[in-house]
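Under the working numbering, the residues of the sequence shown are numbered 6 to 833, in order.
No residue lacks a Cβ here, since even glycine has one placed at the ideal position from N, Cα and C.
Bear in mind that the values here come from a model prediction, so they are computed numbers and not experimental data.
For reference, the structure discussed in these notes is given below.
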Amino acid sequence: DYEGPRITPTSPLAAAPVGRPPRTVEGFAREFLRELSFGEGVALSRSSRNDQYLALSRTIRHYLMADWLETARRRREQPTKMVGYLSAEYLLGRQMGNALLATDLGEIAKEALQSLGLDLKTMRAQEVEPGLGNGGLGRLAACFVDSLATMDVPCIGYGIRYEYGIFRQTFEGGRQVEVPDSWLHLGDPWGFPHPDRAVQVGFGGRTETVTEDGVERSRWIPEWNVLGVPYHYMVPGYQNGVVNTLRLWSAKATQEFDLQVFNSGDYAQAVRAQTTAENISKVLYPEDSTPQGRELRLQQQYFFVACSLKDFIDRTLEKGFDLHRLDERIIFQLNDTHPVIAIPELMRLLMDEHGFAWDEAWAVTSRCFAYTCHTLLPEALEVWPVELVGRLLPRHLEIIYRINEEFLADVRSQFPGDELRVRRMSIIQDHPERAVRMANLATVAGVKVNGVAELHSQLLRDKVLPDFSAMWPDKFTNVTNGITPRRFVRLANPGLSQLITDTIGVGWETRLERLEALEPFAEDEEFRERFRAAKQANKDRLRKLLVVRDGIEIPEHAMIDAMVKRLHEYKRQTLKLLHIVSTYQQIIDGEVAKDDVVARTFVFGAKAAPGYQMAKEIIFLINSVAETINADERVQGTLSVAFPANYNVTLANRLIPAADLSEQISLAGKEASGTGNMKFALNGALTIGTDDGANVEIRERVGDENFFLFGMLEPQVAELQAKGYVPSAVYEANPSLKKAMDLLASGHFTGGDRGLAAPVVDDLLYNDRFMTLGDFQSYVETQARVDAYYQDQEAWTRSAILNVARCGFFSSDRSMRDYLRRIWMPTH
Ligand code: F58
6 DYEGPRITPT
16 SPLAAAPVGR
26 PPRTVEGFAR
36 EFLRELSFGE
46 GVALSRSSRN
56 DQYLALSRTI
66 RHYLMADWLE
76 TARRRREQPT
86 KMVGYLSAEY
96 LLGRQMGNAL
106 LATDLGEIAK
116 EALQSLGLDL
126 KTMRAQEVEP
136 GLGNGGLGRL
146 AACFVDSLAT
156 MDVPCIGYGI
166 RYEYGIFRQT
176 FEGGRQVEVP
186 DSWLHLGDPW
196 GFPHPDRAVQ
206 VGFGGRTETV
216 TEDGVERSRW
226 IPEWNVLGVP
236 YHYMVPGYQN
246 GVVNTLRLWS
256 AKATQEFDLQ
266 VFNSGDYAQA
276 VRAQTTAENI
286 SKVLYPEDST
296 PQGRELRLQQ
306 QYFFVACSLK
316 DFIDRTLEKG
326 FDLHRLDERI
336 IFQLNDTHPV
346 IAIPELMRLL
356 MDEHGFAWDE
366 AWAVTSRCFA
376 YTCHTLLPEA
386 LEVWPVELVG
396 RLLPRHLEII
406 YRINEEFLAD
416 VRSQFPGDEL
426 RVRRMSIIQD
436 HPERAVRMAN
446 LATVAGVKVN
456 GVAELHSQLL
466 RDKVLPDFSA
476 MWPDKFTNVT
486 NGITPRRFVR
496 LANPGLSQLI
506 TDTIGVGWET
516 RLERLEALEP
526 FAEDEEFRER
536 FRAAKQANKD
546 RLRKLLVVRD
556 GIEIPEHAMI
566 DAMVKRLHEY
576 KRQTLKLLHI
586 VSTYQQIIDG
596 EVAKDDVVAR
606 TFVFGAKAAP
616 GYQMAKEIIF
626 LINSVAETIN
636 ADERVQGTLS
646 VAFPANYNVT
656 LANRLIPAAD
666 LSEQISLAGK
676 EASGTGNMKF
686 ALNGALTIGT
696 DDGANVEIRE
706 RVGDENFFLF
716 GMLEPQVAEL
726 QAKGYVPSAV
736 YEANPSLKKA
746 MDLLASGHFT
756 GGDRGLAAPV
766 VDDLLYNDRF
776 MTLGDFQSYV
786 ETQARVDAYY
796 QDQEAWTRSA
806 ILNVARCGFF
816 SSDRSMRDYL
826 RRIWMPTH
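Structure below.
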């Protein structure tokens with residue numbers, strides 16, 4: 006077991022800080038060549054592109070190393086309260102560009118490679134992005150750790166080093182086919198494995214009661230163990246000399262475990278046992294919002310939090326620190342309920358391993374966690390069957406029961422005689438099966454509970470956890486999401502970034518509210534011209550990328566209308582599809598002249614959870630419509646649909662800066678926040694959106710004139726739901742909707758086969774849980790306003806500039822300041 010440094014260096018050489026390689030073109034080239042020969046063991050003349058990529062990554066790493074070690078030393082010597090961000094997902098995106106930006110080495114690296122006959126762009130394209138997340142929640146975690154490093158806030162990001170991240174999406178005959186994402190296969194130059202610092206985690210077994218000094222104590226005797234091997238990833242701040250750590254755990258079989266079975270004589274069984282253990286970090290669950298309640302997933306959750314808590318208490322915390330004051334050194338932020346099992350785990354550690362009494366342990370535990378909720382859909386709230394928890398984590402189940410007992414006693418004393426309330430609030434549900442409600446556990450133990458946008462936090466208080474907000478009104482707060490402007494503006498949009506810097510000077514990347522200074526330039530004709538030129542350059546880049554990446558050709562000058570996000574019914578990709586079909590139908594039926602319609606390219610990007618049938622049918626239908634429309638001469642030059650497969654962070658970085666129109670069209674009250682909406686607005690796209698999630702706050706800031714609002718408001722949705730929503734009646738009453746639906750159902754897009762469109766069409770007609778038809782009329786009318794506005798390019802550009810100027814609030818740096826003030830360090 007690793008116990009920290011055991012040697013006192015006697016040589017002054019060993020005590021000197023690690024050096025920094027020279028920041029010159031020649032110095033960089035030398036460093037790169039050294040890495041190629043000493044690191045990869047190949048000569049430049051014999052090296053493959055991947056050799057070069059690996060050597061280049063390691064070269065850039067060297068420039069961060071001194072800062073990393075120095076940051077760690079500083080944090081050790083001056084211990085303060087840290088943030089332990091617990092997240093099962095980090096959707097990082099490619100690392101190289103970000104590291105070059107953080108070190109400001111872009112130009113040097115480019116020239117150094119050029120001097121060797123190599124090309125930086127080609128090298129960057131070699132990187133497979135670590136897709137260790139599903140969507141918004143995972144990308145948010147990546148933005149947050151970026152911001153904390155940039156703000157020099159001590160933080161360790163804890164998570165799982167999945168061997169396979171989110172699947173790679175391909176299309177076969179228009180249908181989604183998932184391919185494993187083997188992001189590690191060509192090497193992981195950004196990861197630092199520390200097998201000597203592995204942590205052991207137990208599973209299964211039983212508990213027993215022992216009496217120690219006359220006190221009865223419970224003990225857990227696990228049945229099997231795995232090792233968690235930490236891999237460290239650098240989280241560089243933006244050009245500030247700070248490098249924080251992301252610590253991702255990889256599961257490995259313990260040696261004892263192998264030997265035991267091995268000695269029993271069954272070699273093959275011993276090797277198989279190893280796989281069982283190592284399966285824990287094998288693959289990211291590709292679920293979007295409905296948790297599947299699989300045993301392996303609970304194993305993953307417990308695995309990474311057990312490793313993380315142990316790591317923090319035994320390794321990070323200064324030796325001898327009084328654990329009664331643990332909350333002076335750490336706040337664990339729970340990114341949704343996935344890490345919530347950390348709560349009983351900390352109780353167990355304090356009681357069973359550190360001898361705390363229940364009340365002492367609870368006093369500490371209930372000050373060390375805060376919980377962020379990311380959803381409003383009831384089916385997305387995680388529950389774990391009591392049977393499963395008891396089998397996998399028997400000691401934790403005992404602790405959960407006791408937490409619940411004491412909590413329900415409090416409820417009864419505050420609300421005497423209200424047994425219905427007690428049942429609603431219980432951490433254990435009875436129906437449809439006995440299960441642990443993870444959100445309730447997090448709310449009971451958390452110092453704070455936050456939603457991710459104002460509207461979401463309000464609905465969380467009023468609709469999802471109303472009993473809890475009645476009992477503890479002060480526990481609930483809001484922190485509106487944000488995005489890192491380093492990756493999503495500076496890196497993704499070099500043209501716009503240069504224009505901003507030329508206009509308002511440097512420094513906006515870390516003080517995003519300074520974008521306000523752009524506001525007067527909305528009235529400056531020359532600025533508007535340059536702004537449009539930057540947008541057009543981004544469109545050109547996207548057009549070229551889509552040709553090589555997907556073999557998709559899009560027109561040069563059409564409006565780019567983008568809807569990119571996970572495929573989910575509540576997000577309503579079908580509403581977008583109905584608008585496309587309706588526009589198309591009006592042109593081919595001669596109801597409108599083709600030349601009166603603004604040329605648009607509709608771009609979709611969306612993965613469906615592999616088991617989500619309806620989402621997959623929707624993907625098929627989008628592809629079918631795309632194929633038909635793109636081949637139809639009657640709309641050529643006016644309408645085109647592009648659905649590149651495998652939307653990911655890398656594609657987002659190219660697509661978002663090229664977009665004119667951002668589609669944020671979820672049913673009001675369903676999208677917790679959205680973060681794509683912020684990325685588009687900050688890159689100068691106008692939004693067509695419902696009054697949902699963070700759209701509300703974007704519109705408040707950019708102004709009604711610069712935002713296309715449509716659709717029912719949340720209270721209207723609730724009202725309609727209550728009185729009974731009948732989609733088929735909406736269809737019958739709206740001739741243009743009827744025509745679009747009928748065309749979709751007719752087989753026109755599916756080679757004459759009506760059956761292929763039926764799953765989607767029939768659901769919309771007879772079920773339509775998310776009221777797509779209910780918002781159709783308002784949507785198409787608003788799209789008509791979009792068309793009209795777009796024809797006035799000066800007005801459109803003015804609005805786009807104001808979107809950029811007024812969205813500085815949506816920097817994740819601001820989100821971090823809010824977490825610090827409202828949740829993590831409220832007394833400072
Ligand atoms: C998303 N949730 C919200 N969940 O839908 C979005 O509104 C919000 O902006 C974002 O979080 C950040 O707060 C989300 O992405 C997941 O991907 C989970 C993955 C694991 C299974 C359950 C859903």
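Bridge-paired residues (DSSP) for E2: Outside the displayed span of the chain (6 to 833) sits residue 2, for which this structure offers no information.
Whole-angstrom C-beta distance between V630 and I585, which should lie under 8 Å: I585 to V630, Cβ: 6 Å. Contact.
Short Cβ contact (7 Å threshold) for P194 with S62: Yes, they are a contact pair.
heavy atom of ligand 1 below 6 Å from A677 C-beta: Checking the Cβ of A677 against ligand 1 gives yes.
Ligand 1 heavy atom lying under 6 Å from the CB of T680: Yes, since a heavy atom of ligand 1 falls inside the 6 Å radius drawn around the Cβ of T680.
P198, DSSP secondary structure in three states: The DSSP-derived three-state label of P198 is strand.
Proximity winner among F493, A663, I627, R577, relative to K549 (alpha-carbon distances): The shortest CA-to-CA distance from K549 to any of F493, A663, I627, R577 is the one to A663.
7 Å CB neighbourhood of R704 in its chain, flanking five on each side removed: Taken in chain order, the residues that qualify are F712, L714.
Best match in T588, G616, H190, G556 for proximity to N55 [C-alpha to C-alpha]: Out of T588, G616, H190, G556, the CA that lies nearest to the CA of N55 is found in H190.
Element boundaries [alpha helix (DSSP H), containing Q463]: If you look at Q463, you'll find it in the alpha helix (DSSP H) that goes 459 to 464.
Given N739 as reference, the closest of G757, P720, L770, A727 once Cα atoms are compared: Taking only the C-alpha atoms, the option nearest N739 is L770.
Selection from N651, T633, L425, K540 that minimises the alpha carbon distance to V569: Per the Cα distances, N651.
Boundaries of the beta strand (DSSP E) in which D566 is found, first to last residue: First-last of the beta strand (DSSP E) with D566: 564 to 569.
Backbone secondary structure at F609 - three-state DSSP: In this structure, F609 counts as strand in the three-state DSSP scheme.
Cβ shell of E834 (< 6 Å), same chain only, five flanking positions each side left out: As shown, the chain starts at 6 and ends at 833. That puts residue 834 outside it, with no answer to give.
Beta carbon proximity, T448 to chain B, threshold 7 Å: Protein chains in the displayed structure number just one, and chain B is not present.
Per-residue burial, D6 [other beta carbons within 10 Å of its own, 16 or more giving buried]: Residue placement at D6 is poorly supported in this model, since its pLDDT is 45, which falls under 50; the coordinates are not used for a value here.
DSSP bridge partner residues for F208 (one or two, in chain order): Paired residue(s): W229.
Through-space distance from L749 to D758, alpha-carbon basis: If you take the alpha carbons of D758 and L749, they lie about 11 Å apart.
DSSP state of N55 mapped onto helix, strand, coil: Note: N55 maps to helix in three-state DSSP.
Through-space distance from E638 to I346, alpha-carbon basis: Each residue's Cα considered, the two are about 58 Å apart.
Alpha-carbon to alpha-carbon, R492 and S667: Going by the C-alpha atoms only, they are around 19 Å apart.
Helix, strand or coil at P560 [DSSP, three-state]: Under the three-state reduction of DSSP output, P560 falls in the coil class, being neither helix nor strand.
From R302, N284, T281, A282, residue whose alpha carbon lies closest to that of Y290: Selected option, being the one with the closest Cα: R302.
Within 7 Å, strictly: CB atoms of G210 and P227: Going by C-beta atoms, G210 is nearer than 7 Å to P227.
Identified DSSP bridge partners for A93: Bridge partners of A93: none, in fact.
V150 Cβ short of 6 Å to ligand 1 heavy atom set: Every heavy atom of ligand 1 is 6 Å or more from the Cβ of V150, so no.
Cβ contact check for the region 682 to 699 and the region 797 to 812: 3 or more pairs under 8 Å: Short answer: they touch.
Sufficient close CB pairs (3 or more, under 8 Å) joining the region 116 to 136 to the region 78 to 85: These segments do not touch.
Contacting residues, own chain, Cβ-Cβ under 7 Å from L504 (five flanking each side not counted): Residues of the same chain with a CB within less than 7 Å of the CB of L504, apart from the 5 flanking positions on each side, are R535, F536, A539 in chain order.
Where N486 sits in the DSSP three-state scheme: N486: coil per DSSP, three-state reduction.
Start and end residues, beta strand (DSSP E) containing R519: Counting along the chain, no beta strand (DSSP E) covers R519, and no H or E run does either.
DSSP bridge partner residues for E333 (one or two, in chain order): DSSP output for E333 lists no bridge partner at all.
Segment limits, alpha helix (DSSP H) that includes P845: Because residue 845 is not part of the residues shown, which for the chain are 6 to 833, the question remains open.
Residue range of the unbroken alpha helix (DSSP H) whose run includes K257: From DSSP, K257 is part of no alpha helix (DSSP H) but of the beta strand (DSSP E) over 248 to 258.
Inter-residue spacing [alpha-carbon to alpha-carbon] between S820 and T485: About 6 Å.
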